[in-house]
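Undergrad: Using this note's numbering, you'd call the opening residue of the sequence shown number 1 and step up by one each time.
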Amino acid sequence: MEGLFFKDNMRGFCSIIQKPATSMDEVLQNVGKATGLIAQDMHLGYVSLLLSVPATALRNKIDNAEYVIYDSKEEYTQAHRFEFRTGDGGTAEIKFHSLKGHDWNEKELEEVKLICYMMYGAFRQVMLEGLLRRSIATDMAVAIPNINGYMQYAGMLLAKGALRAYHAIYFNIQNFKYVNQVLSHTAADEVMKKYAAHVSGSTDKDEIVARLGGDNFVALIKNENVDSFIKTILNVSIEYQVENDDKKFVFGATIGVSDMEGVMDPGQMMLRSSVAYQTARQNNSRLVYYNDSLLEKIMHEKGVMTEFYKALETQEFVVYYQPKVDTYTKKLYGAEALVRWKQADGTLKPPMEFIPVLEKNGSICKLDFYVLDKTCQLLSELIREGITVKPISVNLSRKHMFNPQLAKDIIGIVDKYALEHSLIEIEFTESEDFRDYIVMSKVIDELKDQGISTSIDDFGTGYSSLNMLKMTSVDTLKIDKSFIPTEEYYGSNSKECIMFEYIAKLARGLGFKTISEGVETSEQYHYLATVGCDIIQGYYFDRPLPPEVFVERLKEPDYYIKK
Ligand code: C2E
Ligand code: CA
Ligand code: CA
Numbered sequence: 001m002e003g004l005f006f007k008d009n010m011r012g013f014c015s016i017i018q019k020p021a022t023s024m025d026e027v028l029q030n031v032g033k034a035t036g037l038i039a040q041d042m043h044l045g046y047v048s049l050l051l052s053v054p055a056t057a058l059r060n061k062i063d064n065a066e067y068v069i070y071d072s073k074e075e076y077t078q079a080h081r082f083e084f085r086t087g088d089g090g091t092a093e094i095k096f097h098s099l100k101g102h103d104w105n106e107k108e109l110e111e112v113k114l115i116c117y118m119m120y121g122a123f124r125q126v127m128l129e130g131l132l133r134r135s136i137a138t139d140m141a142v143a144i145p146n147i148n149g150y151m152q153y154a155g156m157l158l159a160k161g162a163l164r165a166y167h168a169i170y171f172n173i174q175n176f177k178y179v180n181q182v183l184s185h186t187a188a189d190e191v192m193k194k195y196a197a198h199v200s201g202s203t204d205k206d207e208i209v210a211r212l213g214g215d216n217f218v219a220l221i222k223n224e225n226v227d228s229f230i231k232t233i234l235n236v237s238i239e240y241q242v243e244n245d246d247k248k249f250v251f252g253a254t255i256g257v258s259d260m261e262g263v264m265d266p267g268q269m270m271l272r273s274s275v276a277y278q279t280a281r282q283n284n285s286r287l288v289y290y291n292d293s294l295l296e297k298i299m300h301e302k303g304v305m306t307e308f309y310k311a312l313e314t315q316e317f318v319v320y321y322q323p324k325v326d327t328y329t330k331k332l333y334g335a336e337a338l339v340r341w342k343q344a345d346g347t348l349k350p351p352m353e354f355i356p357v358l359e360k361n362g363s364i365c366k367l368d369f370y371v372l373d374k375t376c377q378l379l380s381e382l383i384r385e386g387i388t389v390k391p392i393s394v395n396l397s398r399k400h401m402f403n404p405q406l407a408k409d410i411i412g413i414v415d416k417y418a419l420e421h422s423l424i425e426i427e428f429t430e431s432e433d434f435r436d437y438i439v440m441s442k443v444i445d446e447l448k449d450q451g452i453s454t455s456i457d458d459f460g461t462g463y464s465s466l467n468m469l470k471m472t473s474v475d476t477l478k479i480d481k482s483f484i485p486t487e488e489y490y491g492s493n494s495k496e497c498i499m500f501e502y503i504a505k506l507a508r509g510l511g512f513k514t515i516s517e518g519v520e521t522s523e524q525y526h527y528l529a530t531v532g533c534d535i536i537q538g539y540y541f542d543r544p545l546p547p548e549v550f551v552e553r554l555k556e557p558d559y560y561i562k563k
């Protein structure tokens, strides 16, 4: 085979072997064809490729296969072996046999070696591309597809017109936090891997489960299997051994499900299942099925959130002050700070349109501190101007109870303006359960120690038990407007009056100050005065006022006496 590299056939070999291929089959065909061209010149008997690739995150089974590249169908000699690494921990071996009766000399062997390198180059290209494609589509930590793999698969189903036969499921593992608390990082990763393998193993082969990151997963499940898949992920138990100690974790899930009615692209599919999931999370429910109204609601909330951060920066939030009046002297007693969103076009957005949205994700805390800050700022400016000020109460959402430094943060803001602590009062709404109550009590005590008084807002509508009243050191109860009896009941022995009067009496008896809010008529005012309510707040005296009008009231504390 003198001068093989200059022969025409060798040129043919080169041009075929360099043809781009996208699959193992295709490259085998090319290499086989190319080898056929030079086989005679080389005295080739038989050529084969042996692949041994271990199972990895990218390949769920060991791949041991032998491919025949060239077979002269004649007798051949012993093999010359060439070994390569595959790039994913495996090996590839190419074996060359010359025809019986022709042993390659040293120079020929050099050429065989070069041919072999060229061949492997072609295989390597296809294998690396496959590896790259799979690694882009795989979550390496848990060895199942990632979002790319998921979207690709959905795109493929959609193109085939088969997506309609599936439901998209978006789910989050409940209580995985606990695993992170009791196990090391690596051990927790192992448990996650087992979880992924378990869930993914419970599906049919044309279904897919993918990990989005953290403990969030998505799945495409055939319509007829949806119920059983949901049942599976609502109760996954994973056993794990740590230092000879068998641990068993049982996981539930928060799940959003969507069918594919009218879904036009994979993005839309993803959006729908994630909207259903977000709704489930917000409502503390385990399972929510998508419908269009859920999407509208979330879009509205998203809109509020993006606008919210802009509005905080551009100072679109203004604070109004609603006067509180001493029931008996009719003198101005103080005020409540109530936030307003003054939008660029001048309209005032009422708090009920945005506060519930901000409550949901905790952003309300930022706004509450903003209102506290503005209130302190106003008071300190007025004091500097020599105006006699009154205490102002500020509403704090229950979301603040997650802040272990709450009392410190509040005092920090008040002290920034060097205000006397007694000028600020904090309104909390009733706690939701006993644990919440313990945290709130602690904050109330800390504030009291620092001379900041507190009140329970909307008293009577929440969960506070009479026992809590016995224990709390809160100063004031704001009796909710829904408890104030309307005129037709006055003087009667109606349940409305009995309830209200007992609440007022109980509160007084336990040493709380009482405020009635939402007082609108002079009849209500007189009734409240006779039953002994200390302070009145409501449209009867004043609506929430912009700061400049409120300042006028401060300057004229007898304003309400003529009423
Ligand atoms: P709230 O704390 O119970 O505030 C009293 C609400 O009753 C205010 O509504 C006030 O304008 C309204 N009101 C006052 N007098 C009368 C009356 O005579 N009749 C009637 N029908 N209503 C009266 P507003 O300002 O719309 O606030 C609604 C709620 O929004 C507040 O209820 C409070 O829960 C929340 N909120 C307002 N500002 C803030 C804030 O800065 N932070 C937090 N966390 N919540 C706030
Ligand atoms: Ca309030
Ligand atoms: Ca209230």
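Beta carbons are placed, not taken as given, at the ideal position from N, Cα and C, and that holds for glycine.
With a threshold of 16 other CB atoms inside 10 Å of the CB of Val-68, please say whether the residue is buried or exposed.
TA: exposed
Undergrad: Should Ser-228 be labelled buried (16 or more other beta-carbon atoms within 10 Å of its own) or exposed?
TA: exposed
Undergrad: Which same chain residues end up closer than 6 Å to Ser-453 when comparing Cβ atoms and leaving out the 5 residues on each side of it in sequence?
TA: Glu-425 and Asp-475
Undergrad: Go through its chain and collect everything with a Cβ distance to Ile-561's Cβ below 6 Å, but skip five positions before and after it.
TA: Lys-330
Undergrad: In angstroms, rounded to a whole number, what distance separates the CA positions of Gly-36 and Ala-137?
TA: Pairing Gly-36 with Ala-137, the inter-Cα distance amounts to about 36 Å.
Undergrad: Apart from the five residues just before and just after Lys-247, which ones in its own chain have a Cβ nearer than 6 Å to its Cβ?
TA: Excluding sequence neighbours, Lys-247 sits near Tyr-240.
Undergrad: Helix or strand or just coil, what does DSSP make of Tyr-560?
TA: Coil, per DSSP.
Undergrad: Cutting at 6 Å between CB atoms, please list the residues of its own chain near Gly-201, excluding the five before and the five after it.
TA: none
Undergrad: Could you check whether the Cβ of Lys-222 sits closer than 7 Å to any Cβ belonging to chain C?
TA: Looking for chain C here will not work: only one protein chain is present.
Undergrad: Would you decide whether Lys-563 is buried or exposed? Buried here means 16 or more other CB atoms lie within 10 Å of its CB.
TA: The residue is exposed, with fewer than 16 neighbouring Cβ atoms inside 10 Å.
Undergrad: Pick out whichever of Met-192, Gly-121, Lys-222 and Tyr-150 has its Cα sitting closest to the Cα of Ala-165.
TA: Lys-222
Undergrad: Measuring alpha carbon to alpha carbon, tell me which residue in Ala-280, Met-299 and Asn-284 is nearest Tyr-290.
TA: Of Ala-280, Met-299 and Asn-284, the residue nearest in Cα terms is Ala-280.
Undergrad: Is Glu-336 close to ligand 3? I mean its beta-carbon at under 6 Å from any heavy atom of the ligand.
TA: Relative to the non-hydrogen atoms of ligand 3, the Cβ of Glu-336 never comes closer than 6 Å to any of them.
Undergrad: To the nearest whole angstrom, what separates the beta carbons of Tyr-321 and Pro-547, a pair I think is in contact under 8 Å?
TA: Right, their Cβ atoms sit about 7 Å apart.
Undergrad: Considering just the uninterrupted stretch of the alpha helix (DSSP H) at Ser-522, what are its terminal residues?
TA: 522-531
Undergrad: In angstroms with no decimal places, state the Cα-to-Cα distance between Met-260 and Ile-147.
TA: Near 18 Å, if we compare the C-alpha coordinates of Ile-147 and Met-260.
Undergrad: Are Met-468 and Tyr-437 touching if we call contact CB-CB under 7 Å?
TA: yes
Undergrad: Is Asn-395 a contact residue of ligand 2, with contact defined as CB to any heavy atom under 6 Å?
TA: Indeed, a heavy atom of ligand 2 lies less than 6 Å from the Cβ.
Undergrad: State the start and end residues of the unbroken alpha helix (DSSP H) segment that holds Gln-268.
TA: Annotation: the continuous alpha helix (DSSP H) that includes Gln-268 extends over 266-282.
Undergrad: Taking DSSP as the reference, what is the three-state secondary structure of Leu-338?
TA: strand
Undergrad: Counting C-beta neighbours from all protein chains within 10 Å, is the total for Leu-510 16 or more, i.e. buried, or is it exposed?
TA: exposed
Undergrad: Leaving aside the five residues before and after Ala-311 along the sequence, list all residues of the same chain whose C-beta is less than 7 Å from its C-beta, in chain order.
TA: Only Phe-317 and Trp-341 meet the Cβ criterion.
Undergrad: Which class does Pro-323 belong to by DSSP, given the choice of helix, strand or coil?
TA: strand
Undergrad: Closer than 8 Å is the cut-off here; do at least three beta carbon pairs connect the stretch 519-528 with the stretch 484-504?
TA: yes
Undergrad: Can we say the stretch 248-267 touches the stretch 171-187, given the rule of at least three CB pairs closer than 8 Å?
TA: Contact between the stretch 248-267 and the stretch 171-187 is present, because at least three Cβ pairs lie under 8 Å.
Undergrad: Regarding Ile-355 and ligand 1, is the C-beta to nearest heavy atom distance less than 6 Å?
TA: yes
Undergrad: Among Thr-327, Ile-230, Ala-335 and Val-263, which one has its Cα closest to the Cα of Phe-550?
TA: Ala-335
Undergrad: Can you tell me whether Ser-23 is buried or exposed? The criterion is at least 16 other CB atoms within 10 Å of its CB, across all chains shown.
TA: exposed
Undergrad: If I'm right that His-102 touches Gln-78 with Cβ under 8 Å, what's the distance once you round it to whole angstroms?
TA: The beta carbons of His-102 and Gln-78 sit about 12 Å from each other, so the pair does not count as a contact at 8 Å.
Undergrad: Measuring alpha carbon to alpha carbon, tell me which of Asp-215, Val-439, Leu-419 and Leu-378 ends up nearest Met-401.
TA: Val-439
Undergrad: May I ask which residues mark the beginning and end of the alpha helix (DSSP H) holding Asp-409?
TA: 406-416 is the extent of the alpha helix (DSSP H) around Asp-409.
Undergrad: For the stretch 84-96 and the stretch 117-130, state whether three or more C-beta atom pairs, one from each stretch, are separated by less than 8 Å.
TA: yes
Undergrad: For Ser-15, count neighbouring C-beta atoms within 10 Å of its own C-beta (all shown protein chains included) and say buried if the count is 16 or more, exposed if not.
TA: By the neighbour-count rule (16 or more Cβ atoms within 10 Å), Ser-15 is not buried but exposed.
Undergrad: Quick one: Cα of Gly-460 to Cα of Ile-479, how far?
TA: The alpha-carbon atoms of Gly-460 and Ile-479 are separated by roughly 7 Å.
Undergrad: Is any non-hydrogen atom of ligand 4 found closer than 6 Å to the C-beta of Glu-427, if you look at the structure I gave you?
TA: Judged by which ligands are present, ligand 4 is missing from the structure shown, whose ligands are ligand 1, ligand 2 and ligand 3.
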